[in-house]
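Structure first, commentary second.
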Amino acid sequence: MTIDFELSPRIKATKNMIHMFAESAIRPIARHYDENEHEKPWDLLNMVQKFMGGGMAGAFGTGGKEEKAEGAEPKEKKPRETNLAGAVTIEEIFWGDAGIALSFPGPGLGGAAVQASGTPEQKEKFLARFSGDKPVWGAMAITEPEAGSDTANIKTTAVLDGDEWVLNGEKIFVTSGKSALEDSEGFVVVWATVDRSAGRAGIKPFVVEHGTPGMQITKIEDKLGIRCSDTVSISFMDCRIPKENILGSPEVVDKTKTEGFKKVMATFDATRPLVAAMAIGVGRAALDFIKETLKEEGVELRYGINPNRMTSLERDIMQMEADLKAARLLTWRAVWMLDNGLRNDLQASMAKAKAGLAVTRITQKAVELMGPLGYSREYLLEKWMRDSKINDIFEGTGQIQLLVTARRILGFSREQLK
């Protein structure tokens, strides 16, 4: 099966429409919501909910994928473009502003987890709310004070007591946690262990609805960037949820295997390429600004000449362009595979690793090229540099993505390559 990187007329039309929206409705208010952290652009969010069919539900990749062996041909069917369209849409929205885009309503990571591991009944029950009239958010709580990238150290527990699960523990750095639990009738998917002795095999995801007793937001983070998006800490103290709110099987069949955990981690195979698309949008905003500024100043970039004849400025710009295009092609490959029912865990990690590093370099170089003006608040360049770094951190750090990539390419187990 060949990959065609030519966008369909439908996606091109959507891309152009979303770009105009980002340019006219998002970019002009970016500075305000950066300087007024924790304030939400409610008029914009309500408009997004009304006109985009449940906010960013489609764009943030809740479509899932079929379980297939790597390299297997999918069943004959009409081409799907759900995740590719989502990646293109996200790039344009984040070109407008990363913080505001992250504050858009939709199922988010929580919805992606439900899609990856929920039953048809659970998907209907938990995801229907996102297509309503009011903005609703979904969130996912996995990181803990002592468990970041090493999820085996998760301490939050879930104990079955009759017809209810009882959750106890603490989660930190939960994106859109306040939006989901206090600002809307949303939910958070909480990762907890049902058997600590089982390691990763004992870790399961649970849907906790807004307003559930025993769950409390304990802190709202003040952040370097993406300030319009809320990030919170949540505590669970004898928090009781219905027995049926576990996603997947509660059984720990074999403590030496982690198939159930890996299935839930498929959440990230769908969302990591979309995080890469977020990074690409921010990087493109900075690169576009630099190129437009150079054009206004009459500086011509000479393409096609011998690299030895290029100026330092020309080499910098062309390296930025190359990094951005490479990240985009890796991202499109990952979402294309997802749309075609192919296993994409390697490609998702490659896209995330490349895009996170590329956007960091591009935005830093853009600030450097503009000198004091780039460092000042007169332009959005310094904001884009602050917004960019999170893409190399959340949903699996760049270092972890490189480890995943190395393990998959070299065929090493987790124990062989740590």
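Using numbering that gives the first Met the number 0, the first residue of the sequence shown is number 0, and each one after it goes up by one. Ideal Cβ positions, reconstructed from N, Cα and C, are used throughout, including at glycine. Please read all numbers here as calculations on a predicted model, not as lab measurements.
What is the DSSP secondary structure of residue i, reduced to helix, strand or coil?
| i | result |
| --- | --- |
| Arg226 | coil |
| Pro241 | strand |
| Thr211 | coil |
| Ile17 | helix |
| Tyr143 | Checking the displayed sequence, the identity of residue 143 turns out to be Glu instead of Tyr. Note: Glu143 maps to strand in three-state DSSP. |
| Arg413 | coil |
| Glu69 | Low confidence applies here, because Glu69 scores a pLDDT of 42, under 50, leaving its location unreliable and the question unanswered by this model. |
| Ser375 | coil |
| Asp322 | helix |
| Met317 | helix |
| Met309 | coil |
| Gly303 | coil |
| Glu80 | coil |
| Ile2 | coil |
| His37 | coil |
| Leu401 | helix |
| Asp149 | coil |
| Val251 | coil |
| Arg385 | helix |
Could you compute how far the alpha carbon of residue i sits from the alpha carbon of residue j?
| i | j | result |
| --- | --- | --- |
| Arg26 | Ile225 | 14 Å |
| Thr230 | Asn343 | 28 Å |
| Met349 | Glu123 | 32 Å |
| Ser442 | Glu36 | Since the first and last residues shown for the chain are 0 and 417, residue 442 lies out of range. |
| Asn419 | Leu379 | Here the chain has residues from 0 to 417 only, and residue 419 is not among them. |
| Asp194 | Ser175 | 28 Å |
| Ala269 | Arg376 | 35 Å |
| Thr155 | Ile399 | 22 Å |
| Pro134 | Leu44 | 7 Å |
| Val322 | Ala275 | Checking the sequence, you will find Asp at residue 322 rather than Val. Cα to Cα, Asp322 sits roughly 12 Å from Ala275. |
| Asp149 | Thr292 | 44 Å |
| Leu300 | Thr118 | 54 Å |
| Glu250 | Phe393 | 29 Å |
| Glu38 | Met319 | 33 Å |
| Lys177 | Asn82 | 27 Å |
| Gly3 | Arg332 | Contrary to the premise, residue 3 reads as Asp rather than Gly in this sequence. When rounded, the distance between both Cα atoms is 9 Å. |
Opposite residue i in the DSSP bridges: which residues?
| i | result |
| --- | --- |
| Trp164 | Leu159 and Ile240 |
| Thr192 | Thr156 and Ile202 |
| Phe186 | Gly137 and Glu208 |
| Val173 | Val231 |
| Ile219 | Val231 |
| Gly105 | Trp136 |
With residue i and residue j assumed to form a contact (beta carbons below 8 Å), what rounded beta-carbon distance in angstroms separates them?
| i | j | result |
| --- | --- | --- |
| Ala278 | Ala326 | 7 Å |
| Glu169 | Ser234 | 5 Å |
| Leu356 | Ile289 | Not confirmed; about 19 Å, so no contact. |
| Ile240 | Trp164 | 5 Å |
| Ala138 | Ala100 | That belief does not hold up - the Cβ atoms of Ala138 and Ala100 are roughly 16 Å apart, past 8 Å. |
| Val189 | Leu166 | 6 Å |
Check whether the Cβ of residue i sits closer than 8 Å to any heavy atom of the ligand ADP, and report yes or no.
| i | result |
| --- | --- |
| Glu36 | As presented, the structure is devoid of all ligands, the ligand ADP included, so that no description of it is given. |
Here's the rule I'm using: 16 or more other beta-carbon atoms within 10 Å means buried, otherwise exposed. How should residue i be labelled?
| i | result |
| --- | --- |
| Tyr302 | exposed |
| Glu120 | exposed |
| Gly395 | buried |
| Asp96 | buried |
| Lys382 | buried |
| Pro144 | exposed |
| Ala127 | exposed |
| Ile304 | exposed |
| Leu341 | buried |
| Thr330 | buried |
| Glu5 | exposed |
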